[in-house]
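Worksheet: one structure, shown below.
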Amino acid sequence: MPDWLDAKTFDEAMKVMVITFDFVFGGPGFGEPASHEMNKLRAGTLLKTWINDMKAMISQNNETYKAIFYSAHDTTIIPLLRIFDVKDKLLPNLADPDFVANVVLELWKKDDGSYVVKAFYYPNSIAGTINFTSMISGCPPTDECPFDIFVNRCKSYLPDNIDLVLVTL
């Protein structure tokens, strides 16, 4: 490192970098609130695909076990957690997800025929699973969220036409 770069200056530069990174990826900063549009752009398409796949499972009344996996970067996980309003609870102090972190949404059919969503966060390969369903804003404070409530609370983040959204930026 250059002679002029002492530990204090380096720490300050790192803080600015972390705040800027969080802001660029939809977080609050520089006197501005979190960006609904940026979070929609960065994670809305994935969330829409997830919800549409769940709707297809429900409409087909599929009783067999199925799993659908998607791959995403930390730059998608961060806004996805923001959409659920859990990012600061699961990743405090502007932390970023570890490289192997992942989000799992499970669709469950209850005995009464209704459907619920359960949401989990796996911070890394060592830490335990966190069921964050009860933390999702707009969902009941339980370990499952009724599917219709989950979809309704996510609607404003689901792009109608991603190509049109990107063209108008």
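So in numbering that gives the first Met the number 0, the last one in the sequence shown is 168, and the numbering has no gaps at all.
Ideal placement from N, C-alpha and C gives every residue a C-beta, glycine not left out.
All values reported here derive from a predicted model rather than from experimental measurement.
Membership of residue 85 in any beta strand (DSSP E) is not indicated, and neither H nor E is assigned to it by DSSP.
Shown here for residue 76: same chain residues with a beta carbon closer than 7 Å to its own, the five before and five after excluded, namely 96, 100, 102 in chain order. Counting the other CB atoms within 10 Å of its CB gives residue 25 a total of 16 or more, which places it among the buried residues. If only complete runs of 4 or more residues are kept, the region 80-140 shows the alpha helix (DSSP H) at 86-89, in order along the chain. When DSSP states are grouped into helix, strand and coil, residue 145 belongs to the strand group. Per DSSP, the beta bridge partners of residue 28 are 31.
The C-alpha of residue 150 lies about 15 Å from the C-alpha of residue 42. In this structure, residue 143 and residue 132 form a Cβ contact; the two beta carbons are roughly 6 Å apart against a cut-off of 8 Å. In this structure residue 79 does not touch residue 106 by the C-beta definition: roughly 17 Å separates them, more than the 8 Å allowed.
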